[in-house]
Amino acid sequence: MVISTERTKDLVVQCAGQQLSDFPVDLPLATRQLIISNNRIGDLPALQLNYLSDLVYLDCSNNSLTEISESTFGNLRKLAYLDLSFNTLTQIEDRTFGPLASLVMLRMTDNPGLSEIHPDAFAENAALQVLDSPRGNLE
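Below is the structure:
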């Protein structure tokens, strides 16, 4: 895990490509950017993730995520960028992204098992400007 502070004074935690199978523990509470791409993480634990209430950027691409729920992102109201591409998500339920009031960009491409996105999955995401649509067998 690499922790750095860039010129903008944003706390960035870089855990990409570390062959992690679990979500990293003991992350600084002031983390603003978390990059956990290119690992084998299968679950985003809501309890740990929601302590990161200042998070604005979360890259979870290229992992083994199979499901997410509304509670996964319950306290991430500042999150603007979320990348869930190249995972194994199977469905997106109603209100999954509801708590993400500041979400501007959501990437979900290349989730081959994604077969269902609830019609109201993005109903509360008024700030959403870019949605990279998934490639899969959507109903």
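Numbered per the numbering used here, the sequence shown spans residues -3 to 135. By construction, the Cβ of each residue, glycine as well, lies at the ideal position given by its N, Cα and C atoms. Since this is a predicted model, take the numbers as computed values, not measurements.
query: Distance between R73 and N121 (C-alpha atoms, nearest Å); result: 11 Å
query: Limits of the unbroken beta strand (DSSP E) element including Q29; result: 27 to 31
query: Three-way DSSP call (helix, strand, coil) for L80 in this model; result: coil
query: Buried versus exposed call for D79 [16 or more other C-beta atoms within 10 Å across all chains shown]; result: buried
query: Paired residues, beta bridge with R103 - DSSP; result: D79, D128
query: Rounded C-alpha distance that separates S67 from Y77; result: 18 Å
query: Buried or exposed (CB count within 10 angstroms, at least 16 for buried), S57; result: buried
query: C-beta contact flag for A26 and D6 at 7 Å; result: no
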